[in-house]
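Inspection log for the structure reproduced underneath, given as structure tokens.
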Amino acid sequence: MYISSIFLKNYRNYKKQDLQLSPGINIIQGANGQGKSNFLESVYNLCFGRPFRGFKEIDLVYRGTPYYYLQGTIYLQQRCYKVEVGYEIEKKRKIFKINGRKDRSNSLAGRCPVVFFVPEDLELIRRGPEERRRFLDREISQIAPLYGEYLSRYNRVIYQKNRALKEKKLSRESLKNLIKAWNAQIIHFGSRILQKRAYYISAWSELASRNFGLLFENEQQLKISYKSFLQKDLLTGDLSEIELLFSIEIAAKEEEEYIRGFSIVGPHRDDLAFLINGCDAKRFASHGQQRSAVIALKAAQIQYYHQQEEKPLFILDDIFSELDEKRREQCFELLAKAEQIFLSITKKEKYLDPIFKKFSCFSFFHVQNGSITEIKENGNDRLFY
Amino acid sequence: MLFSPSITRLVEVFRRLPGIGPKTALRLTFFVLTMKNEEVQEMARALVEAKKRVRYCTRCRNLTEDELCPVCRDERRDKALLCVVQEPRDMMVIEKTGQFKGRYFILHGALSPVEGIGPDELMIPQLLQLIKDKKIEEVVIATNPNVEGDATAYYIAGAAKPLGVRVTRIGFGLPVGGDLEYADELTMTRALESRREM
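Chain order of the listed sequences is A and B.
Start counting the first sequence at 1; every next residue gets the next number (the numbering used here).
Start counting the second sequence at 1001; every next residue gets the next number (the numbering used here).
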């Protein structure tokens, strides 16, 4: 998959920007605060029809203007799509069109193989379980079409049930029946979430282990696994079996839920575990190892897409300045697996040279204060120095 | 202040109605001011009288001006069949089909602990009493197919089944006359789950 052109109107700090993109690597260079990330996020927004990681639509609109609008040409599965995304503040109206026709905003999502890599991802292992769940949910809903729907319904049910558990005025008997009514849906949606998470984690884990092994000459082993409340191989069980085990588990903790006043059984409490040489990486691995494990996982995501017969689009937001030499090289390896790359950098550095040697076609852009200019020179070698 | 206190007050009153924003409220206000005196009085009377006269049917909680609503008064209705809906307008949609011969029970909402709506607020104890007293044989649950509607359906089913009544849920699936390709994934999934033998 790749994007051949993009047009931004009133998006973040871009008033108006029209760009022809390289199908290979696109480097966006600029000082901090000039709009590098905003531009990369617009690429994400175009592919998925929704803002990048928790941004609100209204915050994407250039201050003082009534709307934002993005347009781009996406090549996917040998077909060309003209995609338009926009948001009007006053009408609170979201616009999403494919080839000029209105579309539900997630119809391309689930088909766009996009991997986004920002420096904060490197700290995934150090962070809390909710960060890792957020990572899982975000990445899986990109691939599995129904996952996002299940997740939002699941979260809604948990929200309602938690409130019901705090209910004081009902008799124990009616409260019990009420909780059962919510549990039915927790089991329904939760089992589907569990199954999808287990499937993707296992697919990624296998690839990530190999990546990690290569980096450390097989002296160190990485295993990524799903740490779930359900003590069961979620991969082999069919849905009805998972639902059954889930319902047994939830019934067993019923009393405890009344006492504690919130839902304690379900995938909303699960975690993603990273083990290096059999030890919990969060507690025992060095900072460098932890970061390598995350890169190995990112690489696995790219490879997974690669296996699905569509080369992915890879977006790296100022990653290299954060990494030491070893991990930089680890990252360079990944780039070859992607079809199109967006890479933002603050400065032209010597260590970036190998990247440019890898790609036959690339474009170099300079960002300053919400305006992007393409810098054209003859021959790749002279581009930088 | 841009407008007189009376105008501001009227705008505020209109804004309390669902679906009315500040602009529409202002438009309605100005329109009312151009209306004839009698018309405005008639409108005010209609509001007050509707509010005064309309009440809930004592049996099914439909809106009516009498003790029982027309459906509950209709003796030709199947007395053993009861359909549970969330809103009076849901009942109207089912009535329009002419396919349902039983009676109704209107919940006026769905379970939502977050909004403080529990079984008592929906008069579910009254519903269960009705099932017992009127010897209902089948309860058709037609609450909305969303998180709250489904939870309500589960709750009612759980409470009604011990009474020995048959409980069914209306089917979900594709809109008739539409194309498969326009169905969203969740609807399609549900349609597949509730497929039936031919």
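Quick reminder that beta carbons are idealized off the backbone N, C-alpha and C, glycines included.
These numbers were taken from a predicted model, which means no experiment stands behind them.
Asked, Found
"Whose Cβ in chain A lies nearer than 8 Å to the Cβ of V973 of chain B?", "Residue 973 of chain B is absent from the model: chain B starts at 1001 and stops at 1198."
"Ignore the nearest five residues each way along the sequence and tell me which others in Y385 of chain A's own chain have a CB closer than 7 Å to its CB.", "Caution applies to Y385 of chain A, whose pLDDT of 41 falls short of 50 and renders its modelled position unreliable; the value that the coordinates give is listed next. Cβ neighbours of Y385 of chain A beyond the five flanking positions: none."
"With a 10 Å radius around its C-beta and 16 neighbouring C-beta atoms as the bar for buried, classify V43 of chain A as buried or exposed.", "buried"
"Assuming R148 of chain A and F96 of chain A form a contact by the criterion Cβ under 8 Å, report the distance between their Cβ atoms to the nearest whole angstrom.", "Here residue 148 of chain A is Gly; the residue named in the question, Arg, does not match the sequence. That belief does not hold up - the Cβ atoms of G148 of chain A and F96 of chain A are roughly 15 Å apart, past 8 Å."
"May I have the straight-line CA-CA distance separating K298 of chain A from L239 of chain A, to the nearest angstrom?", "28 Å"
"Which residues share a DSSP beta bridge with C112 of chain A?", "Partner(s): none; C112 of chain A has no beta bridge."
"What would DSSP say about G1158 of chain B, mapped onto helix, strand or coil?", "helix"
"Mind checking if G167 of chain A is an interface residue toward chain B, Cβ cutoff 8 Å exclusive?", "The amino acid occupying residue 167 of chain A in the given sequence is Glu; Gly does not appear at that position. Interface residue, yes."
"CB-CB under 8 Å to N369 of chain A, same chain, minus the five flanking residues each way: which ones, in chain order?", "N13, Q34 and G35"
"Tell me which residues share the same chain as E1193 of chain B and place their Cβ nearer than 8 Å to its Cβ, disregarding the 5 neighbours each side in the sequence.", "none"
"For S321 of chain A, name the three-state secondary structure that DSSP assigns.", "helix"
"Count the other C-beta atoms from every protein chain shown that fall within 10 angstroms of the C-beta of S400 of chain A, then say buried if there are 16 or more, exposed otherwise.", "With chain A covering 1 to 385 only, the question about residue 400 of chain A has no answer from this structure."
"Which of the residues in the stretch 104 to 134 of chain A, read from start to end, lie with their CB under 8 Å from any CB of chain B?", "R104"
"Using only the alpha-carbon positions, how far apart do K56 of chain A and E88 of chain A sit?", "12 Å"
"If the cut is a Cβ gap below 7 Å, which residues of chain A does P1119 of chain B touch?", "S174 and L178"
"Could one say the Cβ of G1158 of chain B lies closer than 8 Å to chain A's Cβ atoms, at least one of them?", "yes"
"Taking 8 Å as the threshold (beta carbon to beta carbon), is V1085 of chain B in contact with chain A?", "no"
"Please report the residue range of the alpha helix (DSSP H) in which C47 of chain A lies.", "K36 to F48"
"Which residues of chain B have a Cβ atom closer than 8 Å to the Cβ of W204 of chain A, listed in chain order?", "Chain B residues near W204 of chain A: none, gap ~23 Å exceeds 8 Å."
"Look at the alpha carbon of R291 of chain A and the alpha carbon of K282 of chain A, and state the distance between them as a whole number of angstroms.", "11 Å"
"Counting Cβ pairs closer than 8 Å, one from the stretch 191 to 206 of chain A and one from the stretch 1149 to 1163 of chain B, do we hit at least three?", "no"
"Since E374 of chain A contacts F362 of chain A with CB under 8 Å, what's their CB separation in whole angstroms?", "Not quite, the Cβ-Cβ distance comes to about 11 Å (not below 8 Å), so this is no contact."
"Leaving out five residues on either side along the sequence, give the residues of the same chain with a beta carbon under 7 Å from the beta carbon of R382 of chain A.", "Confidence at R382 of chain A is low in this model, with a pLDDT of 44, below 50, so the placement of that residue should be treated as unreliable; the coordinate-derived value is given next. No residues qualify anywhere along the chain."
"Taking a cut of 9 Å between CB atoms, which residues from the stretch 1127 to 1159 of chain B lie near chain A?", "N1146, V1147, E1148, D1150, A1151, T1152, A1153, Y1154, Y1155, I1156, A1157, G1158 and A1159"
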